[in-house]
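Numbering (full-length UniProt numbering), first residue to last: 1 to 293.
Here a beta-carbon is modelled for each residue, glycine too, at the ideal position from N, C-alpha and C.
Only a predicted model underlies this, so the values are computations on that prediction, with no experimental measurement involved.
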Ligand code: NAD
Ligand code: MG
């Protein structure tokens, strides 16, 4: 039996500074994040299920989408149209796994879009069992006086309001046994000084997980949340962090490195699967060591 060494089995060197414009393109990153394209192995844990993953073109959402397909689910992914190339790469991996992949570009800042997104996903997938609310916007700002109203609103639109609208629409379709998964952050419980607005929204993701799990329990719909620590994704290099934080990104964790998106995939799979039948209202930290409570 071979043991995986959590310090050395994934990239643990420093990163080059590499500024990109929001929302960032994964294929242009150095190194390209590992989203499980070849490293994740499935085992039919989600056979026959249908999933919608927002922000499924890159990073953590891409890792969830790929793992879901390798576990036997059909997957619809949402992303911004600038990210079409990353989304097409995901489609290819999912189709190679023998599953259906529906690409639904659209901007979650557009208040009309969430309803259309869910309708389109439900029709194309011919059902909906798993909802992963993972799209996120993070633009750092050290001085609250410079936090522009438009940026504040955009961050809340994408990270909070769109998720509420998507859930409202999805409840027309989700049946008992379905699973809703939010992506929060260590920032939701341990906010950094340069991420005032982002950290606020990530607390909201935890709050809604708890209130919605209580509300939907009687319908047999489970609601949980993943709270990642530092993970190597486009969000961080496209305005999520100042570039001077990039070389040592994640090095302050007990495991002394940033995570790769694939290292979160198993938690998204568990929470979506029937094996999690008694798990609801919970927040799972995948942080490299920082406690989330
Ligand atoms: P990512 O850039 O790969 O994914 C974020 C995705 O959000 C983008 O791909 C994009 O498709 C989507 N998105 C952003 N703005 C949008 C908009 N206006 N309309 C539609 N879609 C939009 O980065 P990621 O780090 O994988 O982010 C996924 C989630 O993980 C986010 O919710 C983020 O807050 C959370 N998270 C990330 C980290 C980290 O270190 N990378 C840590 C904690 C939490
Ligand atoms: Mg992306």
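Task: Heavy atom of the ligand NAD within 8 Å of residue 202 beta-carbon - done: Sequence index remark: in the chain shown, residue 202 carries index 202 (1-based). Indeed, a heavy atom of the ligand NAD lies less than 8 Å from the Cβ.
Open item on the list: Considering just the uninterrupted stretch of the alpha helix (DSSP H) at residue 87, what are its terminal residues?
Closed with: In the chain shown, residue 87 corresponds to position 87, counting from 1. Taken as a continuous stretch (DSSP letters only), the alpha helix (DSSP H) holding residue 87 covers 84–96.
Open item on the list: Tell me whether residue 237, by its Cβ, gets closer than 8 Å to a heavy atom of the ligand MG.
Closed with: The residue given as residue 237 occupies position 237 in the chain shown. No, the beta carbon of residue 237 sits no closer than 8 Å to any heavy atom of the ligand MG.
Task: Reduced DSSP category for residue 285 - H, G, I as helix; E, B as strand; rest coil - done: Here residue 285 corresponds to residue number 285 of the chain shown, with the count starting at 1. It is a strand residue.
Task: Sufficient close CB pairs (3 or more, under 8 Å) joining the region 129–139 to the region 43–59 - done: Between the region 129–139 and the region 43–59 there are three or more C-beta pairs closer than 8 Å, enough to call the two in contact.
TODO: Kindly indicate which three-state DSSP category residue 14 falls into: helix, strand or coil?
DONE: Within the chain shown, residue 14 is the residue found at index 14, counting from 1. Coil at residue 14, not helix or strand.
Task: Check: residue 58 C-beta below 8 Å from any heavy atom of the ligand MG - done: For the purposes of this step, residue 58 is taken as the residue at position 58 of the chain shown. It does: the Cβ of residue 58 is within 8 Å (strictly closer) of some heavy atom of the ligand MG.
Task: Near the ligand MG: residue 83 beta-carbon under 8 Å from a heavy atom - done: Position 83 of the chain shown, counted from the start, is the residue given in the question as residue 83. Checking the Cβ of residue 83 against the ligand MG gives yes.
Open item on the list: Considering only their Cβ atoms, is the gap separating residue 240 from residue 142 smaller than 9 Å?
Closed with: Residue 142 sits at position 142 when you count from the first residue of the chain shown. Residue 240 sits at position 240 when you count from the first residue of the chain shown. Annotated as distal: residue 142 and residue 240, with beta-carbon spacing of 9 Å or more.
- [ ] Starting from residue 183, trace the beta strand (DSSP E) both ways and give me its first and last residue.
- [x] Mapped onto the chain shown, residue 183 falls at position 183. Per DSSP, residue 183 belongs to the beta strand (DSSP E) from 179–183.
- [ ] Check whether the Cβ atoms of residue 74 and residue 26 lie closer than 9 Å to each other.
- [x] Working through the chain shown from its first residue, we reach residue 74 at position 74. Working through the chain shown from its first residue, we reach residue 26 at position 26. For residue 74 and residue 26, no; Cβs fall outside 9 Å.
Open item on the list: Considering only DSSP beta bridges, list what residue 222 is partnered with.
Closed with: As a position in the chain shown, residue 222 is number 222, starting the count at 1. Residue 222 pairs with 179.
Task: Buried or exposed by the 16-neighbour rule on C-beta atoms within 10 Å, applied to residue 86 - done: The count along the chain shown starts at 1 and reaches residue 86 at position 86. Flag for residue 86 reads buried.
- [ ] Have a look at the DSSP bridge pairing and note the partners of residue 101.
- [x] Position 101 of the chain shown, counted from the start, is the residue given in the question as residue 101. Per DSSP, 75.
- [ ] Return the CA-CA distance between residue 201 and residue 227, expressed in angstroms with no decimal places.
- [x] As a first step, residue 201 is located in the chain shown; it is residue number 201 there, counting from the start. As a first step, residue 227 is located in the chain shown; it is residue number 227 there, counting from the start. Roughly 12 Å separates the two Cα atoms.
Open item on the list: Pull the bridge partners of residue 367 from the DSSP assignment, please.
Closed with: Lying before the first or after the last residue shown, residue 367 is absent from the chain, which here runs from 1 to 293.
Task: Any non-hydrogen atom of the ligand NAD within 8 Å of residue 162 CB - done: Here residue 162 corresponds to residue number 162 of the chain shown, with the count starting at 1. Yes, the Cβ of residue 162 comes within 8 Å of a heavy atom of the ligand NAD.
Open item on the list: Give the list of continuous beta strand (DSSP E) stretches no shorter than 3 residues that lie fully inside the region 106–159.
Closed with: Fully enclosed beta strand (DSSP E) runs of 3 or longer: 130–133.
Open item on the list: Please list the terminal residues of the continuous alpha helix (DSSP H) segment that includes residue 231.
Closed with: Here residue 231 is taken as the residue at index 231 of the chain shown, counted from 1. Residue 231 -> no alpha helix (DSSP H), and no H or E assigned at all.
TODO: Kindly indicate the opening and closing residues of the alpha helix (DSSP H) around residue 267.
DONE: On the chain shown, position 267 is the one that residue 267 refers to. Annotation: the continuous alpha helix (DSSP H) that includes residue 267 extends over 262–272.
- [ ] Measure the alpha-carbon distance for residue 55 versus residue 147 and round it to whole angstroms.
- [x] Position 55 of the chain shown, counting from 1, holds the residue named residue 55. Position 147 of the chain shown, counting from 1, holds the residue named residue 147. Distance between the alpha carbons of residue 55 and residue 147 is about 24 Å.
TODO: Measure the Cβ-Cβ separation of residue 90 and residue 170 and say whether it is below 9 Å.
DONE: As a working note, residue 90 is residue 90 in the chain shown. As a working note, residue 170 is residue 170 in the chain shown. No, these two residues do not count as a Cβ contact at 9 Å.
TODO: On a CA-only basis, which of 205, 71, 236 and 186 is nearest residue 290? Give me that one, please.
DONE: Residue 290 sits at position 290 when you count from the first residue of the chain shown. The option with the nearest alpha carbon to residue 290 is 186.
- [ ] Measure the Cβ-Cβ separation of residue 208 and residue 19 and say whether it is below 9 Å.
- [x] Here residue 208 refers to the residue found at position 208 when the chain shown is read from its first residue. Here residue 19 refers to the residue found at position 19 when the chain shown is read from its first residue. With respect to the 9 Å criterion, residue 208 and residue 19 are not classified as neighbours on the basis of their beta carbons.
- [ ] Identify the continuous alpha helix (DSSP H) that holds residue 80 and give its terminal residues.
- [x] Counting from 1 along the chain shown, the entry for residue 80 is found at position 80. Careful: residue 80 lies outside any alpha helix (DSSP H) and carries neither H nor E.
- [ ] Just the C-alpha distance for residue 138 and residue 65, rounded to the nearest angstrom, thanks.
- [x] For the purposes of this step, residue 138 is taken as residue 138 along the chain shown, with counting starting at 1. For the purposes of this step, residue 65 is taken as residue 65 along the chain shown, with counting starting at 1. Taking the straight line joining both Cα atoms gives about 21 Å.
Task: Beta-carbon proximity list for residue 247, same chain, < 7 Å, skipping 5 on both sides - done: The count along the chain shown starts at 1 and reaches residue 247 at position 247. Excluding sequence neighbours, residue 247 sits near 14, 15 and 17.
Open item on the list: Contact defined as beta carbons within less than 8 Å: I believe residue 166 pairs with residue 224. What is the distance between those atoms, to the nearest angstrom?
Closed with: One-based indexing of the chain shown puts residue 166 at position 166. One-based indexing of the chain shown puts residue 224 at position 224. Contact between residue 166 and residue 224 is ruled out by a C-beta separation of about 16 Å, above the 8 Å threshold.
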